[in-house]
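So the mapping is simple: the numbering used here equals the position in the sequence shown, first residue as 1, plus 79. Ideal Cβ placement from N, Cα and C applies to all residues, glycine included. Computed from a predicted structure; not experimentally measured. First comes the structure, then the notes that go with it.
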Amino acid sequence: MRFADLAEALERIEATTKRLEMRAILVSLLRPLRGSELSTVVYLAQGMLRPEYEGVELGVAESLARRAISDATHRPVEAIARHAKESGDLGTTTEEMLRGVRRLAPPAELSVEEVYGRLLALARTTGEGSQEAKVRELAALLERTGPREGKFLVRFVVGMLRVGVREMGILDALAVAFADGSKEARLRIEAAFNLTSDLGEVAERMADGGVAALDGIRLRVGRPIRPMLAERAADLAELLERMDGVCALEYKYDGLRVQAHVPPDGPPRLFSRRLEEIGAQFPDLLEAIPRALARRPAILEGECVPIDPTTGAIRPFQEIGRRRGRKHELDRYQSEVPVVLFVFDLLLDGEEETYRRPFPERREALGSVLRPSERIRLAEETIVRSVEEASEYFEAVVGEGAEGIVAKSLAPGSAYRAGARGFWWIKYKRDYQTELADSIDGVIVGGFHGRGRRAGRFGAYLLAVYDPSSGRFPSFCKVGSGLDDALLAELPKRLEAAAVDARPAAVETGLVPDQWFRPQVVLEVRGAELSRSPNHRAGYGSVGPELGLALRFPRCTGRIREDKGPTEATSVAELLRLFELQTSVRSKSVGHHAVGAPKSPPAPSEDPPA
Ligand code: AMP
Numbered sequence: 080m081r082f083a084d085l086a087e088a089l090e091r092i093e094a095t096t097k098r099l100e101m102r103a104i105l106v107s108l109l110r111p112l113r114g115s116e117l118s119t120v121v122y123l124a125q126g127m128l129r130p131e132y133e134g135v136e137l138g139v140a141e142s143l144a145r146r147a148i149s150d151a152t153h154r155p156v157e158a159i160a161r162h163a164k165e166s167g168d169l170g171t172t173t174e175e176m177l178r179g180v181r182r183l184a185p186p187a188e189l190s191v192e193e194v195y196g197r198l199l200a201l202a203r204t205t206g207e208g209s210q211e212a213k214v215r216e217l218a219a220l221l222e223r224t225g226p227r228e229g230k231f232l233v234r235f236v237v238g239m240l241r242v243g244v245r246e247m248g249i250l251d252a253l254a255v256a257f258a259d260g261s262k263e264a265r266l267r268i269e270a271a272f273n274l275t276s277d278l279g280e281v282a283e284r285m286a287d288g289g290v291a292a293l294d295g296i297r298l299r300v301g302r303p304i305r306p307m308l309a310e311r312a313a314d315l316a317e318l319l320e321r322m323d324g325v326c327a328l329e330y331k332y333d334g335l336r337v338q339a340h341v342p343p344d345g346p347p348r349l350f351s352r353r354l355e356e357i358g359a360q361f362p363d364l365l366e367a368i369p370r371a372l373a374r375r376p377a378i379l380e381g382e383c384v385p386i387d388p389t390t391g392a393i394r395p396f397q398e399i400g401r402r403r404g405r406k407h408e409l410d411r412y413q414s415e416v417p418v419v420l421f422v423f424d425l426l427l428d429g430e431e432e433t434y435r436r437p438f439p440e441r442r443e444a445l446g447s448v449l450r451p452s453e454r455i456r457l458a459e460e461t462i463v464r465s466v467e468e469a470s471e472y473f474e475a476v477v478g479e480g481a482e483g484i485v486a487k488s489l490a491p492g493s494a495y496r497a498g499a500r501g502f503w504w505i506k507y508k509r510d511y512q513t514e515l516a517d518s519i520d521g522v523i524v525g526g527f528h529g530r531g532r533r534a535g536r537f538g539a540y541l542l543a544v545y546d547p548s549s550g551r552f553p554s555f556c557k558v559g560s561g562l563d564d565a566l567l568a569e570l571p572k573r574l575e576a577a578a579v580d581a582r583p584a585a586v587e588t589g590l591v592p593d594q595w596f597r598p599q600v601v602l603e604v605r606g607a608e609l610s611r612s613p614n615h616r617a618g619y620g621s622v623g624p625e626l627g628l629a630l631r632f633p634r635c636t637g638r639i640r641e642d643k644g645p646t647e648a649t650s651v652a653e654l655l656r657l658f659e660l661q662t663s664v665r666s667k668s669v670g671h672h673a674v675g676a677p678k679s680p681p682a683p684s685e686d687p688p689a
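Structural data, given as structure tokens:
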């Protein structure tokens with residue numbers, strides 16, 4: 080396929096807001112393709128080179144891209160920067176600039192595969208001189224493209240295409256291109272994606288054998304599975320009702336979710352909740368996990384928490400962060416901040432794919448395969464049959480300092496549901512009576528200049544949630560509270576590469592920050608309650624005419640969610656559910672299982688209302 084055909088299809092997709100039309104364009108793009116050409120187009124359409132978990136990033140900053148555009152179009156860098164500031168999109172600027180270029184001969188046509196190969200090579204260029212090499216390579220490619228292809232090429236390399244075609248859009252298209260387009264087919268495709276985390280592979284299989292070919296998918300050690308997620312309940316009575324009166328309650332450890340892939344021999348590989356490989360940070364776990372297993376291969380899941388080396392007590396989650404990115408200091412951190420992995424699930428046990436089995440059977444298998452050690456332990460659990468029993472357990476673990484519990488269904492249908500948030504697992508946290516039931520993971524999309532003590536840096540940030548159906552990031556709060564000096568200094572560094580001159584198209588808000596950011600960095604916030612606001616766009620229209628949801632008295636918990644990418648941030652649907660829970664909790668009197676601290680008024684925000 081010519082790269083020009085892909086660019087043309089992407090442009091048509093961009094021009095429509097209609098889901099069906101978008102799907103039709105994708106279907107005709109994908110249907111004729113097979114094998115690696117198909118997976119290549121699937122990745123590129125999403126602005127990726129490889130499945131996300133492989134972590135292949137092009138890593139070209141806008142400033143470098145501007146230089147490449149300048150080289151290819153013979154226009155000064157300043158002119159390009161000025162134009163981009165106005166257009167708000169370096170891709171559009173590239174298109175304009177390339178239109179003005181007179182060439183002696185029309186450029187030779189680029190194929191999708193050639194562009195792909197070169198971009199992959201670009202992504203793998205690292206080390207000294209790599210930036211220069213990237214500029215040269217990109218300029219060479221741009222010299223061979225027409226304006227439209229140039230636009231998309233630049234968007235690929237600066238990482239702005241993520242919101243172009245979303246996973247959901249590709250799944251929809253695959254269901255029509257290679258199956259009967261039914262809801263059932265769509266669900267099976269999504270389940271296959273959640274198991275493989277690789278839309279390219281799903282597409283290739285379907286092109287060969289339709290939906291039936293997806294049944295042949297097997298778990299593969301080293302290829303992460305999208306984690307199963309938990310729903311929320313308003314109170315323990317609702318929780319138990321949802322579980323049909325009986326369930327397992329587990330201690331909710333507040334740490335880092337870890338999926339451990341243990342091959343038949345050799346070291347395990349560890350993946351975070353967003354499927355990033357994190358083993359390098361935890362050499363102690365890499366060593367301890369295989370020793371704690373009676374059999375392998377295996378895929379397990381657990382929560383990794385820091386513990387106090389002298390008392391053995393669980394320490395605050397933030398301390399794990401100290402292990403990040405400091406390879407040479409790891410030894411010291413291993414003794415200063417040792418970690419324990421509390422294992423709570425078993426997805427693969429030897430040759431058997433245990434994830435298909437109901438939870439009680441998985442837990443039993445886990446008990447038989449795991450030989451708990453100092454570093455690797457079994458998550459604490461108890462079976463409850465009444466609100467009183469549940470309440471007793473809950474208060475006991477909260478008394479020990481847990482942030483809450485995770486309830487797990489024991490029903491025959493309680494298989495591990497990769498990537499799904501459902502009532503098979505329900506989380507319930509201690510502070511739902513005193514404030515909003517849960518923390519919210521918001522994506523930073525803007526910054527506001529600070530005043531007074533915070534002059535000269537950002538004093539508050541604009542946060543958004545994610546809407547997977549539209550791929551957009553509607554805002555829900557402006558947070559300044561809870562940002563300590565360390566965070567105020569750290570955030571601008573993290574955000575440097577995300578700074579853009581104009582509001583990114585995917586961001587929706589009624590506010591205008593001093594600096595816009597591409598959705599990239601996720602921050603955890605808490606707040607008093609959700610209210611309706613004309614300034615914010617989360618749940619816009621669902622909670623009242625021209626009103627969205629806003630978090631009142633937001634404060635940052637101090638935690639950058641490095642384990643979450645923008646699309647793992649709290650979703651609009653979750654925010655609406657929290658809004659609904661808050662209303663249902665309010666309308667009840669405080670029940671017999673009231674928990675946590677007495678209700679106190681929320682601390683006033685340091686920031687003037689938005
Ligand atoms: P949240 O991150 O607040 O949505 O809560 C769900 C998370 O709780 C999971 O993704 C796990 O990382 C974590 N967690 C802690 N303890 C458990 C447990 N016993 N079972 C399942 N998840 C747990």
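### Terminal residues of the beta strand (DSSP E) in which residue 325 lies
Counting along the chain, residue 325 falls outside any beta strand (DSSP E), and DSSP gives it neither H nor E.
### Helix, strand or coil at residue 350 [DSSP, three-state]
strand
### Message
Is residue 306 near the ligand AMP - that is, is its Cβ less than 8 Å away from at least one heavy atom of it?
### Response
yes
### Task
Identify every run of the beta strand (DSSP E) within the segment 354-423, keeping only runs that are complete inside it and at least 3 residues long; order them along the chain.
Runs of the beta strand (DSSP E) inside the segment 354-423: 377-385.
### Query
For residue 562, is the classification buried or exposed, using 16 other Cβ atoms within 10 angstroms of its Cβ as the cut-off for buried?
buried
### Task
Tell me whether residue 294 sits in a helix, a strand or coil according to DSSP, three-state version.
helix
### Span of the alpha helix (DSSP H), counted from its first residue to its last, around residue 162
Residue 162 -> alpha helix (DSSP H) spans 156-166.
### Query
Quick one: what does DSSP say residue 121 is sitting in, helix, strand or coil?
helix
### Task
Could you check what DSSP says for residue 278 in three-state terms: helix, strand or coil?
Per DSSP, reduced to three states, the secondary structure at residue 278 is helical.
### Query
What runs of the beta strand (DSSP E), each 3 residues or longer, lie entirely inside the segment 567-645?
594-596, 601-605, 608-612, 627-631, 634-639
### Query
If we ignore side chains and look at the alpha-carbon of each, how far apart do residue 502 and residue 316 end up?
14 Å
### Task
Could you tell me the distance, in whole angstroms, from the CA atom of residue 524 to the CA atom of residue 597?
Those two C-alpha atoms are separated by around 6 Å.
### Task
Report yes if the C-beta of residue 506 is less than 8 Å from at least one heavy atom of the ligand AMP; otherwise report no.
yes
### Task
Verify the contact flag: residue 488, CB atom, against every heavy atom of the ligand AMP, threshold strictly below 8 Å.
The closest heavy atom of the ligand AMP lies 8 Å or more from the beta carbon of residue 488.
### Query
With 16 as the cutoff for other CB atoms within 10 Å, does residue 266 come out buried or exposed?
Per the 10 Å Cβ criterion, exposed.
### Query
residue 672 by DSSP, collapsed to three states: which one?
Annotation note: pLDDT 36 at residue 672 (below 50); position unreliable, no value reported.
#### Entry: Range covered by the alpha helix (DSSP H) that runs through residue 226
Where residue 226 is concerned, the enclosing alpha helix (DSSP H) stretches over 226-237.
### residue 237 and residue 144 closer than 9 Å at C-beta
In this structure, residue 144 lies closer than 9 Å to residue 237 by Cβ.
### Task
Note down the Cα distance separating residue 583 from residue 175, rounded to an integer number of angstroms.
Looking at the two C-alpha atoms, the distance is approximately 19 Å.
### Message
If contacts are defined as beta-carbon pairs under 8 Å, then residue 466 and residue 542 qualify, I think. What distance do you get, rounded to the angstrom?
### Response
That belief does not hold up - the Cβ atoms of residue 466 and residue 542 are roughly 35 Å apart, past 8 Å.
### Query
Is residue 332 helix, strand or coil by DSSP?
coil
### Message
Quick check on residue 259: does DSSP put it in helix, strand or coil?
### Response
coil
#### Entry: Per-residue burial, residue 382 [other beta carbons within 10 Å of its own, 16 or more giving buried]
buried
### Message
Here's the rule I'm using: 16 or more other beta-carbon atoms within 10 Å means buried, otherwise exposed. How should residue 724 be labelled?
### Response
Given a span of 80 to 689 for the chain in the structure shown, any question on residue 724 remains unanswerable.
### Task
Quick one: measure Cβ to Cβ for residue 553 and residue 652, integer angstroms, because I've assumed they're closer than 8 Å.
That belief does not hold up - the Cβ atoms of residue 553 and residue 652 are roughly 12 Å apart, past 8 Å.
### Query
Quick one: complete beta strand (DSSP E) runs, 3+ long, within the segment 439-487?
455-457, 460-463
### Message
To the nearest angstrom, how far is the alpha carbon of residue 667 from that of residue 486?
### Response
Since pLDDT at residue 667 reaches only 49, below the 50 mark, its modelled position is unreliable, and the value read off the structure follows with that caveat. Each residue's alpha carbon lies about 22 Å from the other.
### Query
Where do the ends of the beta strand (DSSP E) carrying residue 300 lie?
Element bounds for residue 300: n/a, residue is neither H nor E.
### Query
Using the C-alpha atoms, what's the distance from residue 132 back to residue 356?
7 Å
### Message
Can you tell me where the beta strand (DSSP E) holding residue 554 begins and where it ends?
### Response
Residues 552-558.
### Task
To the nearest angstrom, report how far apart residue 627 and residue 557 are at their CA atoms.
14 Å
### Task
Count the other C-beta atoms from every protein chain shown that fall within 10 angstroms of the C-beta of residue 673, then say buried if there are 16 or more, exposed otherwise.
Here residue 673 scores only 34 on pLDDT, less than 50, and its place in the model is too uncertain to base an answer on.
### Residues bridged to residue 692 (per DSSP)
For the chain, the structure presents residues 80 to 689; residue 692 sits outside this window and is missing.
#### Entry: CB of residue 92 within 9 Å of CB of residue 101, strictly
Yes, Cβ-Cβ distance for residue 92 and residue 101 is below 9 Å.
### Query
Of all the options 157, 135, 295, 385, which has the alpha carbon lying nearest to the alpha carbon of residue 275?
That would be 295, whose Cα lies nearest to the Cα of residue 275.
#### Entry: Helix, strand or coil at residue 245 according to DSSP, with G and I counted as helix
coil
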